[in-house]
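Below is one structure; the comments refer to it alone.
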Amino acid sequence: MKTKWTINAKLALFNTLDYWTERNDSETYSNKIIVETEKALKEIQENPYQKKYYSEKINLYLKIFFKGKFALYYRIIEEETTIWIIDFRSTKQKPLF
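In structure tokens, the structure reads:
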């Protein structure tokens, strides 16, 4: 399945990267976030149906990654063979479910 990002999810990722770059005065941690996000996306593509982390109420799956620090919320659209990344967020933020 191919992966696509919503505009809001992309903005959330970019805002997170900007925050850590400014906070640390370095791109090192932001680059680690990018690497770990890419690993998480690969894992999602290999095994998208994780019942343990699924909310039927809002039809979203959850992938927690980078030592539990970040989360991707995603929806699978079978007809399009697409995994839509709906949101990217820190696990310190209020969860969607």
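Residue numbering for the sequence shown follows our numbering, beginning at 17 and increasing consecutively.
The beta-carbon is built from N, C-alpha and C at its ideal position, and this holds for glycine as well.
- In the three-state DSSP reduction, I74 falls in the coil class, being neither helix nor strand.
- Between I92 and T19, the gap from beta carbon to beta carbon reaches 8 Å or more.
- Taking 8 Å as the cut-off, the Cβ atoms of L88 and A56 count as close.
- In the DSSP assignment, no residue is bridged to W36.
- In terms of Cα proximity to Y45, the closest of F113, L112, K85 and I23 is K85.
- DSSP places S106 outside any alpha helix (DSSP H); the residue lies instead in the beta strand (DSSP E), whose first and last residues are T98 to S106.
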